[in-house]
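Novice:
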Amino acid sequence: MSIGVPIKVLHEAEGHIVTCETITGEVYRGKLVEAEDNMNCTFSAITVTHRDGRQSQLETVYIRGSKIKFLILPDMLKNAPMFKNQGPGAKRGGGGMAARGKSAILRAQAARGGRGRGGPGMRGGFRGRGGGGGDRGGGGDRGGGGGGPWGPRR
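Structure below.
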């Protein structure tokens, strides 16, 4: 499965100054060295502001993604190319991938001209398992010769 737009923007922020607040209330501000798809982040040259207001300097910090409350990214990323195909006129759910769900199937069937077996424009039609005519016998992929409860009545 592909990653979403927010994670793509987070990857674009690598190498820039980012502010991160954790769920415990500490605020980390520094250079985002690496961001993983699960939002685990590595920062360098960090200024930490603790909950009581004290500040300290750290060389590197690794923060687990599930412990991040929010991130403040540089303003220049609002012009990132990931936002170009978003908007009111953009078609959602596309992106070169096949549409999913029952509504997509029904739309495709309607575009093909109906659903089911046979019909005008189709070769042959449904003849049952035995092939041949309509009396369950004769040639076909399942053998033939009538008989049984489905055989012709004489």
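Using this note's numbering, the letters of the sequence shown correspond one by one to residues 29 to 182.
Ideal Cβ placement from N, Cα and C applies to all residues, glycine included.
This one's a predicted model, so the numbers in the text were calculated from it and none came from an experiment.
Exposed or buried, Y56, counting other C-beta atoms within 10 Å across all chains shown (16 or more means buried)?
Specialist: Position 28 of the sequence shown, counted from the first residue, corresponds to residue 56. Y56 is buried by the Cβ-count criterion.
Novice: In whole angstroms, give me the CA-to-CA distance for E42 and V61.
Specialist: What you label residue 42 is simply residue 14 of the sequence shown in a count that begins at 1. What you label residue 61 is simply residue 33 of the sequence shown in a count that begins at 1. Each residue's Cα considered, the two are about 6 Å apart.
Novice: Since L99 and V46 are thought to touch, with beta carbons under 8 Å apart, how far apart are those beta carbons, to the nearest angstrom?
Specialist: Taking the first residue of the sequence shown as 1, we reach residue 99 at position 71. Taking the first residue of the sequence shown as 1, we reach residue 46 at position 18. L99 to V46, Cβ: 6 Å. Contact.
Novice: Check for me: the beta strand (DSSP E) holding K97 runs from which residue to which?
Specialist: To locate residue 97, count along the sequence shown from 1; it is residue 69. For K97, the enclosing beta strand (DSSP E) begins and ends at 96-100.
Novice: On a Cα-Cα basis, can you pick out the residue from G141, Q83, R92, R79 that is closest to G53?
Specialist: Indexing the sequence shown from 1 puts residue 53 at position 25. Closest option to G53, Cα to Cα, is R79.
Novice: Where does L38 land, buried or exposed, given buried means 16+ other C-beta within 10 angstroms?
Specialist: Position 10 of the sequence shown holds residue 38. Result: buried.
Novice: If you run the structure through DSSP and keep just helix, strand and coil, what is I133?
Specialist: Taking the sequence shown and counting its residues from 1, one reaches residue 133 at position 105. Residue state, collapsed to three classes: helix.
Novice: Just checking my contact of A108 with E40 at CB under 8 Å: how many whole Å lie between their CB atoms?
Specialist: Residue mapping note: residue 108 aligns to position 80 of the sequence shown, counting from 1. Residue mapping note: residue 40 aligns to position 12 of the sequence shown, counting from 1. Yes, A108 and E40 are in contact; Cβ-Cβ is about 5 Å, under 8 Å.
Novice: Less than 8 Å between the CB atoms is what I'm expecting for M110 and K36, so what's the real figure, rounded?
Specialist: Within the sequence shown, residue 110 is the residue found at index 82, counting from 1. Within the sequence shown, residue 36 is the residue found at index 8, counting from 1. Sure, about 5 Å apart at Cβ, within 8 Å.
Novice: Which stretch, first to last residue, makes up the beta strand (DSSP E) that contains I74?
Specialist: Counted from its first residue, the sequence shown places residue 74 at position 46. Segment 69-77, the beta strand (DSSP E) holding I74.
Novice: Looking at the strands, I want to know which residues DSSP matches up with S84.
Specialist: In the sequence shown, counting from the first residue as 1, residue 84 sits at position 56. In DSSP, S84 forms a bridge with V76.
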